[in-house]
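Take 1 as the starting number for the sequence shown in UniProt numbering and just add one per residue.
Every residue gets a Cβ at the ideal spot worked out from N, C-alpha and C, and that includes glycine.
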Amino acid sequence: MDARYPPIADYALLSDGCSTALVSRDGSIDWCCMPSMDADGCFSRLLDRRNGGHCQLAPAVPCVASRRYVGDSMVLETSFRAGEAEAKLTDFFAMPSGGRGPCRLVRILDGMRGDIEFQLELQPRFDYGSVVPHMSERGPGLFVAVGGNNGFVFRTDMPVQVDGRNGLRASFRVGKGARFCLSMEFHAPECIDDVAANRSVTPGSPDCDFARREQTLEAWHAWAARLAPIDGGAMDAATRRSALVLKALTFSRTGAIAAAPTTSLPEWPGGTRNWDYRYSWARDSVFAVRALYRLGCPSEAEAFMRFIQRSSAGSADELQIMYGLDGKRRLTEVELPWLEGYRGSKPVRIGNKASEQSQLDLFGEIMELAWTWHASGHPIDAAYWAFLRDVVDAACRRWQDPDSGIWEFRGEAAHHVHSKAMCWAAVDFGIRLARDGGFDAPLERWEGERDRIRRAIEEHGYDRRRGIFVQAFGRPGMDASLLLLPRIGFVAAGDPRMVRTVDAVIDALDHGGLLRRYDMPDGIPGPEGAFLPCTFWLAACLAEQQRPDLARAYYDRGLACRNDLGLFSEEYDPDAGLMLGNFPQGLTHVSQIMAWLAMMAARPLRRDPEPVPGPGAGGPHELPGDSSRRRLEQDD
1 MDARYPPIAD
11 YALLSDGCST
21 ALVSRDGSID
31 WCCMPSMDAD
41 GCFSRLLDRR
51 NGGHCQLAPA
61 VPCVASRRYV
71 GDSMVLETSF
81 RAGEAEAKLT
91 DFFAMPSGGR
101 GPCRLVRILD
111 GMRGDIEFQL
121 ELQPRFDYGS
131 VVPHMSERGP
141 GLFVAVGGNN
151 GFVFRTDMPV
161 QVDGRNGLRA
171 SFRVGKGARF
181 CLSMEFHAPE
191 CIDDVAANRS
201 VTPGSPDCDF
211 ARREQTLEAW
221 HAWAARLAPI
231 DGGAMDAATR
241 RSALVLKALT
251 FSRTGAIAAA
261 PTTSLPEWPG
271 GTRNWDYRYS
281 WARDSVFAVR
291 ALYRLGCPSE
301 AEAFMRFIQR
311 SSAGSADELQ
321 IMYGLDGKRR
331 LTEVELPWLE
341 GYRGSKPVRI
351 GNKASEQSQL
361 DLFGEIMELA
371 WTWHASGHPI
381 DAAYWAFLRD
391 VVDAACRRWQ
401 DPDSGIWEFR
411 GEAAHHVHSK
421 AMCWAAVDFG
431 IRLARDGGFD
441 APLERWEGER
451 DRIRRAIEEH
461 GYDRRRGIFV
471 QAFGRPGMDA
481 SLLLLPRIGF
491 VAAGDPRMVR
501 TVDAVIDALD
511 HGGLLRRYDM
521 PDGIPGPEGA
531 FLPCTFWLAA
541 CLAEQQRPDL
551 ARAYYDRGLA
561 CRNDLGLFSE
571 EYDPDAGLML
581 GNFPQGLTHV
591 SQIMAWLAMM
601 AARPLRRDPE
611 PVPGPGAGGP
621 HELPGDSSRR
631 RLEQDD
């Protein structure tokens, strides 16, 4: 394992609802996409330690680092301590009043006590490290970098010098009461000259960057103040942070929600399961907006519904499983051979070929969100009903087709039980909507099709000998997506068939108290880690089955996989205690919220005043092996 690369858990997320960046514990911005989350990387050291580009502001002497988000925000504070000396680094994407202004990443360094020597090393590399920009000084504390179709304007009161022709460096001492600022604005190269002419600053002045910090905190805190579970109860710190991460992944211009802000972080060290997640999956986004809705934030649900309607041109036949954050449909997958990959994990990919797949659960996700919106008293207009009716008709036409399934298998399509059940849900929600809302619909035809889907699942997707649901027609293996069947009402959580299915999922897929996705070869070389969302799905299902001790055990085990800032990855290696996959992963955060809500409905969660645990920290319950089975027997 390449020790040059920090563990994934060492990173923190910055976001303004348009751009995103990852900052390591040692003050290095190693990943940044501006001016949108799915734009070309301008700092990509996360994927190539030597050539990817970065911006590091860190002590020149050994220090102890600690960090936190400021309240309910995505403003990051990192404290560096060396003996009796201390300095504080604040990083954030500025969110100006009114939401308008250039994309601006700000770093503020404050001396708290004593003196510490700091170093700045700034090396932008556009187009994922393939373009080395030209750096030039335009005035005191004012620098510009241009290359290809990208440009940066840097403003600082640090004593920087141009490093060759393509970077900036500085070494300086930070004493008590001193403040230094660095801001990075992204602009098109053709605008750079005009922008630079209006951005000169006086060396030694922090300009208005600290005021931007206050504006940004106000914006985040105002949004977080809306968080109030509609079912009542106090929200715990983990759930609040998960909600903030989902908001950070929401592209404010369109309402699309990115699955994660990164590409090609491996699902196994050195492996090839490296995918680009900087797009909006309809399924994951529906999960997210439903969770946010239940936490008191309905506007995100409406914005995403309109995004899907626009992106599909109002036609179910034009639906894709994912879109670019601006609604772009063509997400061609290509490899970037000049990047060595995180810890040597190649290939690095941008784009995602799965966007071309057929995944039939999409119809059910859209209809479930529409029903939730309507049942909560919000109107559905005639144009949107026409789109929804088209979605139900598409589910009726296509439910008998094989598909790639929720896990986006890249081999032969199959008749996945979860996909069929979501088609059933699409028709069922459509019937309920039409009846409750008085909308015109061919109810008799839809009801007949709904019954046919159920009969097919119960005949071909249910193993009568074992009394459990299975992954797909003709495939007896277990699949964690079966844990989602109660959520849509296809089968009650407490139905004996579902209880046996949950037990079978635990027996087949438990790994160190976490769940893998499935137990069959998928045609992609190499292993993968435990899939964290599935662990929270299991906790939610167990809570609904009134098995609180086991539900709490799995919930706590999943929660222990956060980093010190409360951020989750997609996967986890329970043996090595390492985060795996793209980070932070929206689906894991939304699944944690779903589990918390299910456990709140079953019984109140205990208050947890302790600090957020670090990665690999064990939960308070034994889970692996025989102890899990003992709890199953006790709960039964």
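Option in the options with minimal Cα separation from residue i
i    : options                : result
G448 : G461, V499, Y462, A395 : A395
A228 : S280, Y293, V61, E77   : Y293
E412 : V132, M322, D403, F429 : D403
A282 : V162, Y384, S345, M305 : M305
L369 : T239, L360, A291, G327 : A291
V153 : W446, V131, D193       : D193
I108 : T90, T372, A225, Q592  : T90
N166 : R179, P140, E121, Q471 : E121
F126 : C55, G71, D564         : C55
P133 : M74, A426, C42         : C42
G364 : K353, V391, H374, K346 : V391
D452 : E544, V427, P476       : Sequence check: residue 452 is Arg here, not Asp. Measuring from the Cα of R452, the nearest candidate turns out to be V427.
E214 : F93, G477, R464        : F93
L319 : V61, D10, Q119, L362   : L362
R475 : G489, I457, E302       : I457
D393 : A441, R138, L325       : A441
I468 : L265, M498, W371       : M498
E84  : C63, R104, V70, C103   : C63
Y69  : S15, A595, W385, I257  : S15
E302 : I366, G139, R138       : I366
S264 : A504, I380, R278       : R278
C297 : F387, A225, R329, E218 : A225
Cβ-Cβ separation, residue j to residue i (assumed contact under 8 Å), whole Å
i    : j    : result
F143 : P159 : Not quite, the Cβ-Cβ distance comes to about 13 Å (not below 8 Å), so this is no contact.
D519 : L509 : 6 Å
G461 : W446 : Actually they do not touch by this definition, with Cβ atoms about 21 Å apart.
M74  : W223 : Contact flag wrong, Cβ pair sits at about 10 Å.
G148 : V131 : 5 Å
G558 : T535 : 4 Å
M37  : P261 : 5 Å
A480 : W424 : About 19 Å; that fails the 8 Å criterion.
S183 : D157 : With 8 Å as the limit, S183 and D157 do not qualify as a contact, their Cβ atoms being about 10 Å apart.
M112 : K176 : 7 Å
A12  : L76  : 5 Å
D284 : N352 : Actually they are not in contact, since the Cβ atoms of D284 and N352 sit about 13 Å apart, beyond 8 Å.
R179 : V106 : Rounded, the Cβ-Cβ distance is 12 Å, inconsistent with contact.
S19  : C103 : 5 Å
G327 : R349 : That belief does not hold up - the Cβ atoms of G327 and R349 are roughly 21 Å apart, past 8 Å.
Residues that DSSP places opposite residue i in a beta bridge
i           : result
S15         : T20
Y572        : A530, M579
G314        : According to DSSP, which records beta bridges pairwise, G314 is partnered with nothing at all.
W281        : M322
I308        : Partner(s): none; I308 has no beta bridge.
M184        : L105, F154
A170        : L120
residue 648 : Beyond the ends of the chain as shown, which are 1 and 636, falls residue 648; an answer cannot be given.
W31         : L22
L485        : Partner(s): none; L485 has no beta bridge.
A82         : A85
L76         : Y69, D91
E335        : R349
P59         : F118
residue 668 : In the structure displayed, the chain extends from 1 to 636; residue 668 sits before or after that span and is not available.
H54         : Q123
Q161        : R169
A145        : M135, F152
Y462        : F469
I8          : Answer is none; I8 lacks a bridge partner.
Closer than 7 Å: residue i CB and nearest the ligand NAP heavy atom
i    : result
S280 : This structure does not include the ligand NAP; it has no bound ligands of any sort.
Are the region 46-56 and the region 324-340 in contact at 8 Å, needing three or more beta carbon pairs? With the cut-off at 8 Å, the region 46-56 and the region 324-340 touch.
What runs of the alpha helix (DSSP H), each 4 residues or longer, lie entirely inside the region 489-563? Every alpha helix (DSSP H) of 4 residues or more that sits fully in the region 489-563 is shown, in chain order, as 496-509, 532-544, 548-559.
Identify every run of the beta strand (DSSP E) within the region 108-143, keeping only runs that are complete inside it and at least 3 residues long; order them along the chain. Listed in chain order, they are 115-123, 134-139.
Going residue by residue through the region 358-445, where are the continuous beta strand (DSSP E) segments of at least 3 residues, counting only ones entirely within it? Fully contained in the region 358-445 is no beta strand (DSSP E) run of length 3 or more.
Is the region 346-357 touching the region 416-427 in the sense that three or more CB pairs, one from each, lie closer than 8 Å? Not touching, per the Cβ criterion.
Contact the region 234-245 vs the region 558-571: 3+ CB pairs below 8 Å: Output reads yes: the region 558-571 touches the region 234-245.
Pick out the complete alpha helix (DSSP H) segments inside the region 218-250, 4 residues or longer, and give them in chain order. Secondary structure in the region 218-250: the alpha helix (DSSP H) runs of 4 residues or longer, each lying completely within the stretch, are 237-248 in chain order.
Does the contact criterion of 3 or more C-beta pairs under 8 Å hold for the region 24-31 versus the region 327-337? Taking 8 Å as the limit for Cβ pairs, the verdict is that the region 327-337 does not touch the region 24-31.
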